[in-house]
DNA sequence: TATCGCTATGGCAGCGCTACCATTTGGTGG
DNA sequence: CCACCAAATGGTAGCGCTGCCATAGCGATA
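This is how it looks when you write it as structure tokens:
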């Protein structure tokens, strides 16, 4: 064993600690990871040296040797959106106590960036992966299968899952909300969706809306699609265009809460009272929906629970426990408020 | 070199690729990290083998050998808060193109958890660290100095920085807002702060408020502190208590936007018109402040830029470039809206 | 042809740890 | 006092890569 000062790295190593404590390196390693297998006396000696030196074991070297990284890769489209940040929070909160750390990547809604990130995280030998959404490039399947790494897809429930999944049915949720609007007496329904090919969530919601509307014999249900980001600004514009073309509309279901907020503002600008003159509904369960006047009726998704469940699934898999339900539907809830 | 099937790990290694391509392992490594140093012919051969096998190099082993991980540790109190998620977004967006990945940890506002996470991330040999806030347990200084790892503190500007910092002065920002309220003609000022010892941001804001109020000769400026989380619920309660005790108040400055929203709602419940009867101001620049009626005047902080600047500082340090300004004040902006 | 000066390539030790055994220790029962 | 066994401990190869240096190749120049 070379003396510290003539090594390429000046870092303290486990063998240094071992020597100082008068034990073997194996014993030091054990006293970190399986303390119960080391006699109390020995452990005390080691702890003393560790405290004194401030030694922190190198987990990368450990990962290399043990062939497991205790790292989870977590991919989201964007962090600055409560939808995803709640999932992130759920995953990290649940993984940390189990000794896993989270590698975070944001794809910016780009499937190509997603693949790049997945490759990078597989390169880091992440033990598991949590993806957002159910649509991925074909490479993804290849990579994760080749690396044989457990994967959980979240948010949407995939028709053809890569591995495991936690989410809810956008179609069903939209159907429930539509039925609710009809039950409340709305006759001229409209939905404002997102005109983006990669946003299959929006299309599933529009589909669900139409299915129920047609079933209930609604006359001419209106579908209004907006391109670009689903901001409140877009919501206002959509509401404006929609009302100009279909002034008889008595309820508008927005596929995103933020757009619903914008829509509400536009109604107020026009002096249309909500919900008397026109009912408004959102989707997502964001906090803002509770803060507007009137508060917006929306579909609430248990976002943090999605993260938690995803983490649970991964941990079960790591411990080789059997997973009875690899595809979990966490459901949704119609949050009845004042706007509809 | 042992054949693949009798190794402890079944993973493909660089030497396998090298053999298949008929070159040495060093050349394969180089063709990944410094392609310009490898002849085009050789590179093509290697690329072909890589594509064919789906080989992904092990970055952990690479990190161990090169003594650098290309990993950044990022600590926030909680992810599900736009204040922090924007910083996260800023850091990841800026770090990724430079080849760095982000390890994310959330402390839940606990200094002890923070230390644990820092220790874990130092164990993973993160090359740099971004912390939130300026108050840390003394262990933190020890650990980062021992590990000699670059650190950026964000959000608040620390009086006694660990290393580098990016943020703004809470005191000054609060002073500006207070002055603004006074200039608008408010005479009976109140501030709603956060009654938590570890929340030094709130106290700095209250201080700034008082300094300006006293200076301007305001009669009996009111300081109202609320315990617990700074939610809109708490804001409503604070407004209610405050108005009962000091009905003459003509402007309330909330140290958090969410509380300001709650305060606004309470005023509306009481039939007090904002801003005519009472002015309301918030702090933070959250999106919601633009969506209420009336929209709330607030102090806007360039959050994403904080993340970006922090990342910049780390990259400069990694490249051994000189840093002229290790403490960066990104400033703030009084967002004049309708509520004040 | 011999010499130089590049660029391109390769061999191998070592990064710091853990898995896998082998060995030692200490307590028990005969 | 010895055989026996479980608990505690230790030696060392190897995890997959890169840093360091040595060597090979190859054209240009004298």
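Residue numbers (my numbering), protein chains in the order written: chain X, 1 to 340; chain H, 1001 to 1340. Beta carbons: idealized from backbone N, C-alpha and C, even for Gly.
Practice task
May I have the straight-line CA-CA distance separating residue 1175/H from residue 1133/H, to the nearest angstrom?
Solution key: 20 Å
Exercise for the section: Please work out which residues of its chain come closer than 8 Å, Cβ to Cβ, to residue 1219/H, disregarding the five sequence neighbours upstream and downstream, and give them in chain order. Expected result: Closer than 8 Å at the Cβ level, and outside the excluded window around residue 1219/H, lie 1187 and 1188.
Exercise for the section: Grab me the residues of residue 163/X's own chain with a C-beta within less than 8 Å of its C-beta, minus the 5 sequence neighbours each way, in chain order. Expected result: 144, 150, 151, 152, 153 and 326
Problem - residue 1075/H and residue 1129/H closer than 9 Å at C-beta - result: In this structure, residue 1075/H places its C-beta atom within 9 Å of the C-beta atom of residue 1129/H.
Exercise for the section: Could you work out which residue in 33/X, 292/X and 48/X is closest to residue 17/X when comparing CA atoms only? Expected result: 48/X
Problem - Cross-chain neighbours of residue 238/X in chain H, by beta carbon under 9 Å - result: None at all; the shortest Cβ gap to chain H is about 16 Å.
Practice task
Figure out for me which residue from 1244/H, 1230/H and 1238/H has the closest Cα to the Cα of residue 1258/H.
Solution key: It is 1230/H whose Cα lies nearest to the Cα of residue 1258/H.
Exercise for the section: Under 7 Å between beta-carbons, which chain H residues line up against residue 104/X? List them in chain order, please. Expected result: By Cβ distance, chain H contributes 1092, 1102 and 1104.
Practice task
Quick one: list the residues of chain H neighbouring residue 63/X, beta-carbon separation under 7 Å, in chain order.
Solution key: Here the neighbours are 1060.
Exercise for the section: Please report how far the alpha carbon of residue 1156/H lies from the alpha carbon of residue 1191/H, in whole angstroms. Expected result: 20 Å
Exercise for the section: Evaluate contact between the region 203 to 217 of chain X and the region 230 to 250 of chain X, counting only Cβ atoms and requiring at least three cross-stretch pairs below 8 Å. Expected result: no
Exercise for the section: Could you check the C-alpha separation between residue 292/X and residue 249/X for me, to the nearest Å? Expected result: 22 Å
Problem - Min CB distance residue 1253/H to chain X below 9 Å - result: no
Handout entry: For residue 139/X, the nearest candidate out of 180/X, 118/X and 54/X (CA to CA)
Key = 118/X
Practice task
With DSSP as the reference, label residue 1106/H as helix, strand or coil.
Solution key: strand
Handout entry: Contacts that residue 1067/H makes with chain X (C-beta to C-beta distance below 9 Å)
Key = 8, 9 and 11
Handout entry: is_contact[residue 268/X, chain H] using C-beta, thresh 9 Å
Key = yes
Problem - Cβ contact check for the region 101 to 115 of chain X and the region 64 to 81 of chain X: 3 or more pairs under 8 Å - result: yes
Exercise for the section: Specify the secondary structure class of residue 338/X as computed by DSSP and reduced to three states. Expected result: coil
Exercise for the section: Note down, in chain order, each residue of its chain lying with its Cβ closer than 7 Å to the Cβ of residue 1310/H, except the 5 sequence neighbours on either side. Expected result: 1091, 1130, 1152, 1154 and 1166
Problem - Nearest-angstrom Cα separation, counted from residue 1252/H out to residue 1282/H - result: 9 Å
Handout entry: Residue range of the beta strand (DSSP E) that includes residue 255/X
Key = It is not in any beta strand (DSSP E) - residue 255/X carries neither H nor E in the DSSP assignment.
Exercise for the section: Can you tell me which of 232/X, 66/X, 61/X and 261/X puts its alpha carbon nearest to the alpha carbon of residue 1066/H? Expected result: 61/X
Practice task
Would you tell me roughly how many angstroms separate the C-alpha atoms of residue 179/X and residue 296/X, rounded to the nearest one?
Solution key: 17 Å
Exercise for the section: Can you give me, in chain order, the residues of the region 133 to 155 of chain X that have a beta carbon less than 8 Å from any beta carbon in chain H? Expected result: 142, 143, 146 and 147
Practice task
Can you give me the start and stop residues for the beta strand (DSSP E) that residue 329/X sits inside?
Solution key: 327 to 329
Problem - Sequence ranges, beta strand (DSSP E) only - wholly within the region 171 to 246 of chain X, length at least 3 - result: 189 to 194 and 222 to 226
Handout entry: In DSSP terms, what residue 300/X is bridged to
Key = 284/X and 333/X
Exercise for the section: Could you please give the first and the last residue of the uninterrupted alpha helix (DSSP H) stretch that includes residue 1091/H? Expected result: 1082 to 1095
Handout entry: Selection from 1172/H, 1194/H, 1210/H and 1079/H that minimises the alpha carbon distance to residue 1226/H
Key = 1194/H
Problem - Beta-carbon proximity list for residue 1079/H, same chain, < 8 Å, skipping 5 on both sides - result: Excluding five sequence positions before and after residue 1079/H, the CB atoms of its chain that fall closer than 8 Å to its own CB belong to 1085, 1088, 1104 and 1106, given in chain order.
Problem - CA-to-CA distance, residue 1308/H to residue 1014/H, given in whole angstroms - result: 35 Å
Practice task
Under 8 Å between beta-carbons, which chain H residues line up against residue 89/X? List them in chain order, please.
Solution key: 1078, 1079, 1080 and 1106
Practice task
Tell me whether residue 1053/H is buried or exposed, calling it buried when 16 or more other Cβ atoms sit within 10 Å of its Cβ.
Solution key: exposed
Problem - Minimum C-alpha distance to residue 1267/H - residue among 1201/H, 1247/H and 1329/H - result: Nearest C-alpha to residue 1267/H: 1247/H.
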